[in-house]
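What follows is a single structure, written as structure tokens, with notes after it.
Numbering (the numbering used here), first residue to last: 272 to 563.
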């Protein structure tokens, strides 16, 4: 029973962080058909912004959280305004925007490295202490991660399903030309999507860095996992990405406990290959049918 509680608590915490990273990635792909290779650096920027405000400037922890989220929103908006919007109507948009965001990611990561150096820092956004479930100690930090992830994903779900703002985004995702004819400002919808993706990525970066520390390349591994989750779920499916992230967190925690942490990612990558062989559109995706 103690083993089950330990695996469940660890897996749920990991899944919550993966969900924040995956939902933003899935939302951008589902709306624009764009795989954002700078998504991992968004996580890094959010984490370093929180660290800078809380440690360098000595502001309260909640100000660090606000700063991290604001930084994520800002870099998401700037990427859309300065790079992505000029490529939307080009041929091979998915390929060109992927290459462009790789360049943006490399540039931003180098700037972070030059500013802060390669030495890892401790993220101050932490709560000390734990409580006991049977013989298993559950850190309060894990509870904080679950609460923050649940709150942010819940807010995004409400916005997308219950507001005019979300209706415009979903209409744009379904058919941008029809949405534009119906009066939807599709470029504004794309900007809003990138802001949301940036906020979720920054939040994921802050939470992940509270467990593993800060480093310029800290977003690389979460980006790979987020991409794996999105592919398995079905690219562009936001609810499926969230559900799959929790499942992957539990799976990775189980593998790490019984076989070692180094086997977690290889097994996930193997699962991606298996899913793509059996169901190329993903577990929750739908195969497009093209009739001649």
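Even glycine gets a Cβ: it sits at the ideal position worked out from N, Cα and C.
Inter-residue spacing [alpha-carbon to alpha-carbon] between residue i and residue j
i, j, result
"residue 373", "residue 529", "36 Å"
"residue 384", "residue 340", "21 Å"
"residue 346", "residue 273", "43 Å"
"residue 282", "residue 401", "17 Å"
"residue 434", "residue 406", "45 Å"
"residue 462", "residue 408", "43 Å"
"residue 353", "residue 371", "11 Å"
"residue 348", "residue 538", "35 Å"
Residue nearest to residue i in terms of C-alpha spacing, selected from the options
i, options, result
"residue 334", "553, 317 and 350", "317"
"residue 424", "312, 295 and 279", "295"
"residue 515", "464, 357 and 546", "546"
"residue 376", "519, 275 and 488", "488"
"residue 287", "479, 329 and 360", "479"
Short Cβ contact (8 Å threshold) for residue i with residue j
i, j, result
"residue 308", "residue 472", "no"
"residue 542", "residue 503", "yes"
"residue 476", "residue 490", "yes"
"residue 509", "residue 298", "yes"
"residue 526", "residue 535", "yes"
"residue 311", "residue 493", "yes"
"residue 398", "residue 387", "no"
"residue 455", "residue 442", "yes"
With 16 other Cβ atoms within 10 Å as the buried cut-off, status of residue i
i, result
"residue 365", "exposed"
"residue 523", "buried"
"residue 459", "exposed"
"residue 303", "buried"
"residue 563", "For residue 563, the predicted model reports a pLDDT of 37, less than 50, meaning its position is unreliable; a value from the coordinates is still stated below. Exposed is the call here."
"residue 436", "exposed"
"residue 285", "buried"
Whole-Å CB distance - residue i paired with residue j, under 8 Å assumed
i, j, result
"residue 486", "residue 391", "5 Å"
"residue 395", "residue 326", "5 Å"
"residue 289", "residue 497", "7 Å"
"residue 291", "residue 468", "Not a contact, Cβ separation roughly 10 Å."
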